[in-house]
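Right, one structure below, let's go through it.
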Amino acid sequence: MANRRLQLEVTVVGAGPAGIAAACMAADQGRKVAVVDNSPWLGGQIWRASAHPGRGLAGHWINRLRQSGVSVFSNATAFAAPAPHVLLAETPDGVLELNWNKLILATGGRERFLPFPGWTLPGVMGPGGLYAMVKSGWPIAGKRVVVAGSGPLLLAAADGLKQAGARVSLVAEQADWGRVVRFGINLWQHPGKLLQGAGVKARLLGVPYRCGCWPVKAEGAAQVERVTLTNGSRSWTEDCDYLACGFHLVPNTELACLLGCAMAEGFVQVNEFQATSVPDVFCAGEPTGIGGADRALVEGQVAGLAAAGAWDQAQTLFGRRAAWQSFRAGLDQAFALRPELRELAAPDTVVCRCEDVRFADLKRCESLRDARLHTRCGMGSCQGRTCSAAVRFLFGWENDSIRPPLFPVRLASLTGESSPSVNHNLETPQPSNK
Amino acid sequence: MRDQLNILVNGKPVTVPPGTLVAAAVAQAGVSSFHTSVHHEPRGPLCGMGVCFECCVTINGQAYSRSCLTLCEEGMEVQTNG
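Protein sequences appear in the order of chains A and B.
Position one of the first sequence corresponds to residue 13 (my numbering), numbered consecutively onward.
Position one of the second sequence corresponds to residue -17 (my numbering), numbered consecutively onward.
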């Protein structure tokens, strides 16, 4: 397997809105920049260039990146940081060793999943995940879909699924109507968002959007066939081919944690220039707070300019960024999880899907470390990415142990075939004493 | 670029346009269980974005490949483990 070593002034991890904006701005300042992203497309989850190249804001930024002279590595998964200013990424052709002066983390977010009976059945998926796959060929025409969980993504996904031919029978938002309405009213500060929301709502005419209700049980033989929902006082059942269920978003902070960046309430702490507590490491977008693509774009631009030393230019964007911070705070408030969701899992409900660890097994544990030692919770192939948000909400456990490799990688990537220095540097603590 | 790609999912021919995910082709083949969990429960994709590893299948002999992060290529052979 071929290994490549690159010397870069700025390395960006993640090619979503924040990463693309950061890379473009740093390249504009004359810096030598590379972007690595673990997917085959540009634009991250929200833009997914392969589906709609050239459209609107996404097309503008993706084209700008393509013309910027930035080296783009798709299908490249950052998995270790064996030495200061060194990042390793696995690609289908071998390992990239990125030697950077400045590093920008734009790792995005993922959907939050909460366990309830039947949530592991095939056909129960994240709304964003299902919609993303529909854009890349997943057959949905004529299928009955219930969309449930929380956050603005539910409406966006329902809209996209309906346009792709799905029969969306219900959008069930767990947050109460009052909170969602207050959030909607506050959108006057962001007319673009208001118009976007109004458009989605108009296209969804005929699809009920019910607040204050949530799924309690999914059932089916080989895959999901029906879902039972409740509004706290009344329960009912909806037949479906898919249950698209996710509870807002959580940040991808594993790489930031591995590098030792200071965190606050699950998010990466940054200063006004998007600099983390670790020298020369910047962070932008969802890892610093769940605020969507517009906020990520501004943060990415600030991070890219700051990483290139263009402090004055970065400062000119502070005002625009501040407006999006209030949008972020509004999201947090409107879509805060209701406590009833902690009661959904039955004793035999799987919480950690990789290791099939059940709720009753976890209830006997005192911490995530304790749970790892006794049940292997969070130690499977996703390395706790799915269950860590759930156990944080259910039990208040923080994931305080992030170790390389950040993703499962080939043995050859770890041993660093034909690259002795990589081999040497990877002698890091092994997870045997977890 | 070809208009259509021909791949095999568990030996069954599936024809898809370029840009189709392997996960989508598996669904088009009518397969819902992509693999089984450590306690042999059927599982399919959950996150659709490379995080959860529930969509893993064998692609051209490479076990444990995330089908939600892999685009179909002409002649690809996909084996689910459900």
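Virtual Cβ for every residue (Gly too), placed ideally from N, Cα, C.
Under 8 angstroms by beta carbon: chain A residues contacting L51 of chain B: The count along the second sequence starts at 1 and reaches residue 51 of chain B at position 69. Per Cβ cutoff of 8 angstroms: N50, S51, P52, N87.
What's the C-alpha gap between S148 of chain A and W53 of chain A? Numbered from its first residue, the first sequence carries residue 148 of chain A at position 136. Numbered from its first residue, the first sequence carries residue 53 of chain A at position 41. Taking the Cα positions, S148 of chain A is about 11 angstroms away from W53 of chain A.
*Helix or strand or just coil, what does DSSP make of G68 of chain A?*
Along the first sequence, read from residue 1 onward, the residue named residue 68 of chain A stands at position 56. Three-state DSSP puts G68 of chain A in a helix.
- Query: A234 of chain A touches chain B at which residues, Cβ-Cβ below 8 angstroms?
  - Reply: In the first sequence, the residue the question calls residue 234 of chain A occupies position 222. Chain B residues near A234 of chain A: S14, S15, P24.
Next on the checklist: Here's the rule: buried if 16 or more other CB atoms are within 10 angstroms of the residue's CB, otherwise exposed. What is E55 of chain B?
Outcome noted: Looking up residue 55 of chain B in the second sequence gives position 73. When all chains shown are included, E55 of chain B counts as exposed.
Three-state secondary structure (DSSP) at V434 of chain A?
Counting from one through the first sequence, the residue named residue 434 of chain A turns up at place 422. For V434 of chain A, the predicted structure reports a pLDDT of 40, less than 50, and the residue's modelled location is therefore unreliable. The matter cannot be settled from this model.
Where do the ends of the alpha helix (DSSP H) carrying E109 of chain A lie? Reading the first sequence from its first residue, position 97 is the one you call residue 109 of chain A. No alpha helix (DSSP H) contains E109 of chain A, which is instead part of the beta strand (DSSP E) from 106 to 117.
Check your understanding: Based on Cα-Cα distance, which residue from A:T242, A:S83, A:R124, A:G120 lies nearest to L110 of chain A?
Key -> The residue you call residue 110 of chain A lines up with position 98 of the first sequence. Nearest of A:T242, A:S83, A:R124, A:G120 to L110 of chain A, Cα basis: A:S83.
message = For a quick check, are the C-beta atoms of T62 of chain B and V8 of chain B less than 8 angstroms apart?
response = Taking the second sequence and counting its residues from 1, the one referred to as residue 62 of chain B is at position 80. Taking the second sequence and counting its residues from 1, the one referred to as residue 8 of chain B is at position 26. Yes, Cβ-Cβ distance for T62 of chain B and V8 of chain B is below 8 angstroms.
Quiz item: Taking the alpha-carbon positions, what's the A45 of chain B to V39 of chain B distance?
Solution: One-based indexing of the second sequence puts residue 45 of chain B at position 63. One-based indexing of the second sequence puts residue 39 of chain B at position 57. Straight across, the Cα-Cα distance linking A45 of chain B with V39 of chain B is about 6 angstroms.
Pull up the DSSP beta-bridge partners for K(-6) of chain B, would you.
-> Sequence index remark: in the second sequence, residue -6 of chain B carries index 12 (1-based). Bridge partners of K(-6) of chain B: B:V(-9).
For G331 of chain A and V20 of chain B, the rounded distance between their alpha carbons
Counted from its first residue, the second sequence places residue 20 of chain B at position 38. Counted from its first residue, the first sequence places residue 331 of chain A at position 319. Going from the Cα of V20 of chain B to the Cα of G331 of chain A covers about 51 angstroms.
Is it the case that the Cβ atoms of V236 of chain A and Y254 of chain A are separated by a distance below 8 angstroms?
Working through the first sequence from its first residue, we reach residue 236 of chain A at position 224. Working through the first sequence from its first residue, we reach residue 254 of chain A at position 242. It is a contact, given that the beta carbons lie within the stated cut-off.
Checklist entry - From D188 of chain A to C269 of chain A, what does the alpha carbon distance come to, in whole angstroms? => result For the purposes of this step, residue 188 of chain A is taken as residue 176 along the first sequence, with counting starting at 1. For the purposes of this step, residue 269 of chain A is taken as residue 257 along the first sequence, with counting starting at 1. If I take the Cα positions, the gap works out to 34 angstroms.
The segment 19 to 31 of chain A in contact with the segment 282 to 297 of chain A per 3-pair CB rule at 8 angstroms: yes
* Determine the DSSP secondary structure at N63 of chain B, reduced to helix, strand or coil. => In the second sequence, residue 63 of chain B corresponds to position 81, counting from 1. In this structure, N63 of chain B counts as strand in the three-state DSSP scheme.
Outcome for R354 of chain A when other beta-carbon atoms lying within 10 angstroms are tallied against a minimum of 16 = Residue mapping note: residue 354 of chain A aligns to position 342 of the first sequence, counting from 1. Per the 10 Å Cβ criterion, exposed.
query: Using CA coordinates, which residue listed in A:T265, A:Q313, A:R350 is at the minimum distance from F259 of chain A?
result: By 1-based counting over the first sequence, the position of residue 259 of chain A is 247. Nearest C-alpha to F259 of chain A: A:R350.
Can a CB atom of chain C be found closer than 8 angstroms to the CB of T119 of chain A? Here chain C cannot be found, since the structure's protein chains are A and B.
Nearest-angstrom Cα distance between F35 of chain B and C394 of chain A? Position 53 of the second sequence, counted from the first residue, corresponds to residue 35 of chain B. Position 382 of the first sequence, counted from the first residue, corresponds to residue 394 of chain A. Each residue's alpha carbon lies about 6 angstroms from the other.
Give me the chain B residues within the contact set of M137 of chain A, using Cβ-Cβ distance strictly less than 8 angstroms, ordered along the chain. As a working note, residue 137 of chain A is residue 125 in the first sequence. Correct list: G26, P27, L28, C29, G30.
Please confirm if S47 of chain B has its CB atom under 8 angstroms from at least one CB of chain A. Locating residue 47 of chain B in the second sequence gives position 65, where the first residue counts as 1. Cβ-Cβ to chain A under 8 angstroms: no for S47 of chain B.
Practice item. Taking a Cβ distance cut-off of 9 angstroms, strictly less, list which residues of the segment 102 to 129 of chain A are near chain B, in chain order. Key: G120, R122, E123, F125
| query | Which term fits D49 of chain A, buried or exposed, when burial requires 16 or more other beta carbons within 10 angstroms of its beta carbon? | reply | Residue mapping note: residue 49 of chain A aligns to position 37 of the first sequence, counting from 1. It counts as buried.
Inset, instruction - Following the continuous alpha helix (DSSP H) through P5 of chain A, name the residue where it begins and the one where it ends. - result: No answer is possible for residue 5 of chain A: the residues shown for chain A start at 13 and end at 446.
* Asked: How is F195 of chain A classed by DSSP in three states: helix, strand or coil?
  -> Counted from its first residue, the first sequence places residue 195 of chain A at position 183. If DSSP states are grouped into helix, strand and coil, F195 of chain A belongs with the helices.
Sequence-distant residues of the same chain with beta carbon closer than 6 angstroms to W73 of chain A, five excluded per side
What you label residue 73 of chain A is simply residue 61 of the first sequence in a count that begins at 1. Within the same chain, W73 of chain A has close Cβ partners I32.
Q) Is DSSP giving Q327 of chain A helix, strand or coil here? A) For the purposes of this step, residue 327 of chain A is taken as the residue at position 315 of the first sequence. It is helical.
**OP:** Kindly identify the DSSP beta-bridge partner or partners of H17 of chain B.
**Re:** Taking the first residue of the second sequence as 1, we reach residue 17 of chain B at position 35. As a beta-bridge residue in DSSP terms, H17 of chain B pairs with B:R25, B:N63.
*Give, in chain order, every residue of the segment 15 to 29 of chain A whose Cβ lies closer than 9 angstroms to some Cβ of chain B.*
none
Determine the burial state of H22 of chain B: buried for a count of at least 16 other Cβ atoms within 10 Å of its Cβ, exposed for fewer. On the second sequence, position 40 is the one that residue 22 of chain B refers to. So H22 of chain B ends up on the exposed side.
field: Exposure label - A335 of chain A; buried when at least 16 CB within 10 Å
entry: The residue you call residue 335 of chain A lines up with position 323 of the first sequence. The residue is exposed, with fewer than 16 neighbouring Cβ atoms inside 10 Å.
Taking 8 angstroms as the CB-CB limit, is T2 of chain B close to chain A?
The count along the second sequence starts at 1 and reaches residue 2 of chain B at position 20. For T2 of chain B, the answer is yes, since a Cβ of chain A falls inside 8 angstroms of its Cβ.
At a cut of 8 angstroms, does the segment 277 to 288 of chain A reach the segment 238 to 251 of chain A through at least three beta carbon pairs? no
task: Determine which residues share a DSSP beta bridge with M58 of chain B and list them.
output: Counted from its first residue, the second sequence places residue 58 of chain B at position 76. In DSSP, M58 of chain B forms no bridge with anything.
TODO: For chain A, find out if any of its Cβ atoms is closer than 8 angstroms to the Cβ of V60 of chain B; answer yes or no.
DONE: The residue given as residue 60 of chain B occupies position 78 in the second sequence. Not one chain A Cβ lies under 8 angstroms of V60 of chain B.
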